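Novice: So the sequences go chain by chain: A and B.
Residue numbers 1348 to 1667, in my numbering, belong to the letters of the first sequence in order.
Residue numbers -8 to 268, in my numbering, belong to the letters of the second sequence in order.
Quick reminder that beta carbons are idealized off the backbone N, C-alpha and C, glycines included.
Small disclaimer: the values here were computed from a predicted structure and weren't measured.
My questions all concern the structure below.
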Amino acid sequence: MNTKVAESNQDEKRAQFQARIERGEKIEADDWMPDDYRNQLIKLIAMHAVSEIMGALPEKEWVPKAPTLRRKLAIMAKVQDEVGHGQLLLRVVEDLLAPLGKTREDLFEDLFTGRLKFHNVFHMKAPTWADAGVIGWLVDGAAIITQTMSLDSSYAPYARALYRICAEEKFHAQHGESIVLELAEGTPAQRQLLQDAVNRWWPALLMFFGPPDDGTISSNQQLNMQYKIRTQTNEELRQAFFDKYVPRIFHLGLTLPDKTIRYDEAEGKWHYQQPDWEEFKQIVRGNGPRSAQRLQLRKVSYEEAKWVRDALLAKQCVAG
Amino acid sequence: MIDYSRVQSAQLAMQNAAYLLALKELLFQLADDDFILAYRGSEWLGLAPHIEEDVAFSSIAQDTMGHAVILYEMLEELGAGKADDLAQLRNPEDFRNAILVERRNGAGEYLENPHYDWAYAIARNYSYGLFKQIRLESLHNSSYLPLAQVSRKMLTELNYHLFHWQVWIRHLAESTEEARRRLEAALEKVWDDIGDLFSLGPLAAHMVNFGLIAGEELLLQRWKEKGKEVFHSIGLEWPGDPRVPQQNGRAGEHTDDLVQALATLSEVYRLDPTAKW
C-alpha cells in the first residue's frame, strides 16, 4: 500500500516536473528533479567539464613555443580560459553529484579509468603551430555552435555557466582566426603548415558533433530533447557548422580533404563524406592517437600533487 | 647639458654611451628574469595541483611575461633590436637572468612525463617575488624615468603574486609533516642558486653611480630582513645566507637548463624570424 502511494507520488512529481519543462521554466540545483534528468545532466556536464580540462592540453603543447611575445601572452590566456571553463563546469556538476555522495575526486577517477569520456578532438595530435590556430578557430568554432544551443538548457546553472563560456569562446575563435589569417597570408611554408593542419583536423571536426541520426534519434538524444537539455540534433549542429565555416575556409584559398562536399540549394543542406564512425568510437574509448599520452599527463600531475591536496585538507581541518 | 639624475626619454638616454650601456644591461636583467620565469610558469599550465591553482598560476605567469614584454620594448626603444628578436634570437650567453629562474620545474619534459615539483615552484616564485618587490621599490627612484614609471605599475601586480605565494608557503609550512619537509627541501634548493639574483653583474658600479638602481648589498639586506620576518611569523627556520651558484647569470654564464628553455620557446619563431606570425 505504502509503496503504491510512494509510486503514485513519484509519478505525480515527474508529471509536474515535465510540465515545468514544457512551460519553459528553468530548473535550479535545489529543485526536485527525476533521477534520469539528474543523470543525463551529470553525464553531459561532467563530459563537458573534463573535455575543457583535457582540451587545454593539445593547445598547451604550443603555449611555451608560441612564436611572438604577443602570441605567447594570448595563447597562455586562451588556454587558461579553457581551464577556467573546466572549473566553472566542475562546480555545476559537483552540485548535481552532491546528493549522490560523489565529488570531484570521483570524476577524476572516472576519467582515469576511462568511464568518463572526453571529446574526440582532444585525443588528436597537434604537431605544429598551425594546429594551435586551427583548434582555436574551428574546434572552438564548433564548440560555440553546440554550446549556443545549450544556452537555452532547462538546467539554469548549466545555462548560466555556458553564457560566460560562450562569451569567452568567441574571443578564442577570434584568437584562432588571427593565427590562421597570419599563416594564410604568410610565406608558402606557412600556408602549407596551415593547409596540413586543416586536412588533419577535418575528420575530427565532423566527428565533434557525434554520429548522424539517419532518421532515428538515439534514446540519449531523445531524453535530452524531452527534458530540453538540448534542442538540436547532431546533424543539425554539423550543418550549422558547415554553413558558417566551409565558405570561410574556401575564402582563404584553402581546400578540404573532402572533394565531394557541396551545398544543395534545393534541399538546403550540405552533402559531405562521412568520417569513419568506427574510428570515432575507438577514439572516444581512449584509443585515439594521443589519448594515452594526454591521460597520462593528467594522471601524473594528479597523482604527484596528492601530497598537496592532503596538505590543504589537513590545513582546512585545523582551521575548521 | 643633460641631467643624468632624471633621464626622461630613450632619446636622452641614448646621448650618453656609458649611461646607455648600464641602462641596457639592467633592463636585460629585469626582462630576462621575468621572461624565463614566466616561461617556466607556462610549462606548468594544465599541470598545477588543482584546477583553481592552474588558473591563478597562469594569471601570474601572464602578468610576469607582460612585464618582460614592457621591458623588451623599452630595450627596443633604446635601439637594442626588435623585442621579439631580443626574447627569442639571442644566444644563451647573451641572457642576463639569474640562475634561479632558469632551472627546470623538475624532472621530465612538459610534453612527456613532467615530474614537476610544486614545493619548488612555490619556493622559487616566492623567493623571486620577494626580491622583485624590493627591486621594483628601488626602481621607483631610478634615474631613468620611463623605468621608474613602469616599476610602479608592475609593483601593484607583483604584490598580488607575492601574496599568493606567501599564502602557499604558510599553507605548506603549517599543514602535514610531508608538506613541510618538501617545502624545506625546496627552499634549500632555491638557496643553493639564489646568490646571483642579487648581483647587478659586471656593470654594477655604473648602474649605481648613474642612479639607475640601489646597490647589491642594499637589495640583499632588504630581502633578508623581509624574508626573515615572514619566515619567523610562519615558524620556518631561515635557511641562512643565500649561496652563490657556480655560474653567474648576470655575467652571461648559464646552465643547460637555459639552453633547453631557449630552444623550446623560440622553436616556431626560428622557423622564419622574418615572417609574420
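#1: Taking C-alpha atoms, which residue in 173/B, -6/B, 22/B lies nearest to residue 89/B?
#2: With a cut-off of 8 Å on the beta carbons, I'd call residue 234/B and residue 183/B a contact; round off their distance for me.
#3: Taking C-beta pairs closer than 9 Å, name the residues in chain B that residue 1533/A reaches, listed in chain order.
#4: Rounded to whole angstroms, what's the CA-CA distance from residue 119/B to residue 189/B? Just pull it up for me.
#5: Run through chain B and tell me which residues come within less than 8 Å of residue 1427/A, C-beta to C-beta.
#6: Less than 8 Å between the beta carbons of residue 1554/A and residue 1634/A, yes or no?
#7: Please report the residue range of the alpha helix (DSSP H) in which residue 1616/A lies.
#8: Got a sec? Which residues, its chain only, sit under 7 Å from residue 1551/A by beta carbon, not counting five neighbours each side?
#9: Relative to the alpha-carbon of residue 1593/A, which residue among 1644/A, 1549/A, 1432/A, 1528/A has its alpha-carbon at the smallest distance?
#10: Can you give me, in chain order, the residues of the stretch 158 to 175 of chain B that have a beta carbon less than 8 Å from any beta carbon in chain A?
#11: With H, G and I counted as helix, E and B as strand and the rest as coil, what does DSSP make of residue -2/B?
#12: Beta-carbon within less than 7 Å of residue 83/B's beta-carbon, same chain only, minus the 5 sequence neighbours each way: which residues are those?
#13: Any chance the stretch 1369 to 1389 of chain A sits against the stretch 1426 to 1433 of chain A, with 3 or more Cβ pairs inside 8 Å?
#14: Which parts of the stretch 1524 to 1583 of chain A are runs of the beta strand (DSSP E), unbroken and 3 residues or longer, counting only runs that do not cross its ends?
#15: Keeping to the same chain, check which residues put their C-beta closer than 6 Å to that of residue 1575/A; ignore five residues upstream and five downstream.
#16: Looking at the structure shown, is residue 1466/A part of a helix, part of a strand, or coil, going by DSSP?
#17: Please work out which residues of its chain come closer than 8 Å, Cβ to Cβ, to residue 1506/A, disregarding the five sequence neighbours upstream and downstream, and give them in chain order.
#18: When the cut-off is 8 Å and only beta carbons count, does residue 1419/A lie next to chain B?
#19: Considering only residues of the same chain and omitting the five flanking positions on each side of residue 1457/A, which have a CB-CB separation below 6 Å?
#20: By how many angstroms is the C-alpha of residue 49/B removed from the C-alpha of residue -4/B?
#21: Three or more C-beta pairs under 8 Å: does that hold for the stretch 38 to 45 of chain B against the stretch 9 to 18 of chain B?
#22: Which complete alpha helix (DSSP H) runs does the stretch 188 to 230 of chain B hold, if anything under 4 residues is left out?
#23: Could you name the residues that DSSP lists as bridge partners for residue 98/B?
#24: Starting from residue 1383/A, trace the alpha helix (DSSP H) in both directions and tell me its first and last residue.
#25: Would you check if there are 3 or more beta carbon pairs closer than 8 Å linking the stretch 199 to 213 of chain B to the stretch 122 to 130 of chain B?
#26: Listing by chain order, which chain A residues have their CB less than 9 Å from the CB of residue 109/B?
#27: Are the C-beta of residue 1472/A and some C-beta of chain B separated by less than 8 Å?
#28: Here's a check: name, in chain order, each residue in its chain whose Cβ is nearer than 8 Å to the Cβ of residue -7/B, leaving out the five neighbours to either side.
#29: Sorted by chain position, which residues of the same chain lie with C-beta nearer than 7 Å to residue 1610/A's C-beta, five sequence neighbours on each side aside?
#30: Across which residues does DSSP place residue 1609/A in a beta bridge pair?
#31: Is DSSP giving residue -7/B helix, strand or coil here?
#32: Please give the ranges of any alpha helix (DSSP H) in the stretch 7 to 74 of chain B, keeping only runs that are unbroken, at least 4 residues long and fully inside the region.
#33: State yes or no: is the beta carbon of residue 1523/A nearer than 8 Å to at least one beta carbon in chain B?
#34: Answer with yes or no whether the minimum CB distance from residue 1481/A to chain B is below 8 Å.
#35: Please report how far the alpha carbon of residue 1392/A lies from the alpha carbon of residue 223/B, in whole angstroms.
#36: Do residue 257/B and residue 1661/A come within 8 Å of each other at the CB atom, strictly closer than that value?
Specialist: Reading off the structure:
#1: Mapped onto the second sequence, residue 89/B falls at position 98. Of the candidates 173/B, -6/B, 22/B, the one whose C-alpha sits nearest the C-alpha of residue 89/B is 22/B.
#2: Taking the second sequence and counting its residues from 1, one reaches residue 234/B at position 243. Taking the second sequence and counting its residues from 1, one reaches residue 183/B at position 192. About 5 Å separates the two Cβ atoms, so the contact holds.
#3: If you number the first sequence from 1, residue 1533/A lands on position 186. Ordered by position in chain B, the residues that pass the 9 Å Cβ test against residue 1533/A are 263, 266, 267, 268.
#4: Translated into the one-based positions of the second sequence, residue 119/B becomes position 128. Translated into the one-based positions of the second sequence, residue 189/B becomes position 198. C-alpha of residue 119/B to C-alpha of residue 189/B: approximately 10 Å in a straight line.
#5: Indexing the first sequence from 1 puts residue 1427/A at position 80. What residue 1427/A touches in chain B: 36, 45, 46, 49, 50, 53.
#6: Taking the first residue of the first sequence as 1, we reach residue 1554/A at position 207. Taking the first residue of the first sequence as 1, we reach residue 1634/A at position 287. Not closer than 8 Å, so no.
#7: Your numbering for residue 1616/A matches position 269 in the first sequence. Element bounds for residue 1616/A: not the alpha helix (DSSP H) but the beta strand (DSSP E), 1616 to 1618.
#8: Residue 1551/A sits at position 204 when you count from the first residue of the first sequence. Excluding residues within five positions, the ones whose Cβ falls inside 7 Å are 1467, 1468, 1471.
#9: Counting from 1 along the first sequence, the entry for residue 1593/A is found at position 246. Among 1644/A, 1549/A, 1432/A, 1528/A, the Cα nearest to that of residue 1593/A belongs to 1549/A.
#10: 162, 163, 165, 166, 167, 169, 170, 173
#11: As a working mapping, residue -2/B is identified with position 7 in the second sequence. Strand.
#12: The count along the second sequence starts at 1 and reaches residue 83/B at position 92. Counting only Cβ-Cβ distances below 7 Å, and skipping sequence neighbours, we find 245, 249, 250, 253.
#13: no
#14: none
#15: Working through the first sequence from its first residue, we reach residue 1575/A at position 228. Closer than 6 Å at the Cβ level, and outside the excluded window around residue 1575/A, lie 1368, 1501.
#16: As a first step, residue 1466/A is located in the first sequence; it is residue number 119 there, counting from the start. In the structure shown, residue 1466/A sits in coil (DSSP, three-state: anything other than H, G, I, E or B).
#17: Numbered from its first residue, the first sequence carries residue 1506/A at position 159. Cβ within range, chain order: 1373, 1497, 1498, 1499, 1500.
#18: The residue given as residue 1419/A occupies position 72 in the first sequence. Yes, residue 1419/A lies at the interface with chain B (some Cβ there is under 8 Å from its Cβ).
#19: The residue labelled residue 1457/A in the question sits at position 110 within the first sequence. Hits under 6 Å: 1463.
#20: For the purposes of this step, residue -4/B is taken as the residue at position 5 of the second sequence. For the purposes of this step, residue 49/B is taken as the residue at position 58 of the second sequence. Their backbone Cα atoms lie some 37 Å apart in a straight line.
#21: no
#22: 195 to 200, 207 to 225
#23: Reading the second sequence from its first residue, position 107 is the one you call residue 98/B. Beta-bridge pairing links residue 98/B to 106/B.
#24: Sequence index remark: in the first sequence, residue 1383/A carries index 36 (1-based). First-last of the alpha helix (DSSP H) with residue 1383/A: 1382 to 1407.
#25: yes
#26: Looking up residue 109/B in the second sequence gives position 118. Correct list: 1651, 1652, 1654, 1655.
#27: If you number the first sequence from 1, residue 1472/A lands on position 125. Judged by the 8 Å Cβ criterion, residue 1472/A is not in contact with chain B.
#28: The count along the second sequence starts at 1 and reaches residue -7/B at position 2. So the list reads 3, 6, 7, once near-sequence residues are dropped.
#29: On the first sequence, residue 1610/A is found 263 positions in, with the first residue counted as 1. Hits under 7 Å: 1617.
#30: Taking the first sequence and counting its residues from 1, one reaches residue 1609/A at position 262. Looking at the DSSP assignment, residue 1609/A forms a beta bridge with 1618/A.
#31: Translated into the one-based positions of the second sequence, residue -7/B becomes position 2. Here residue -7/B sits in coil by DSSP.
#32: 8 to 35, 42 to 68
#33: As a position in the first sequence, residue 1523/A is number 176, starting the count at 1. Answer no: the Cβ-Cβ gap between residue 1523/A and chain B never drops below 8 Å.
#34: To locate residue 1481/A, count along the first sequence from 1; it is residue 134. So, not an interface residue.
#35: Here the question's residue 1392/A lines up with position 45 in the first sequence. Here the question's residue 223/B lines up with position 232 in the second sequence. Answer to the nearest angstrom: the Cα atoms are 46 Å apart.
#36: As a working note, residue 1661/A is residue 314 in the first sequence. As a working note, residue 257/B is residue 266 in the second sequence. Taking 8 Å as the Cβ cut-off, residue 1661/A and residue 257/B do not qualify as a contacting pair.
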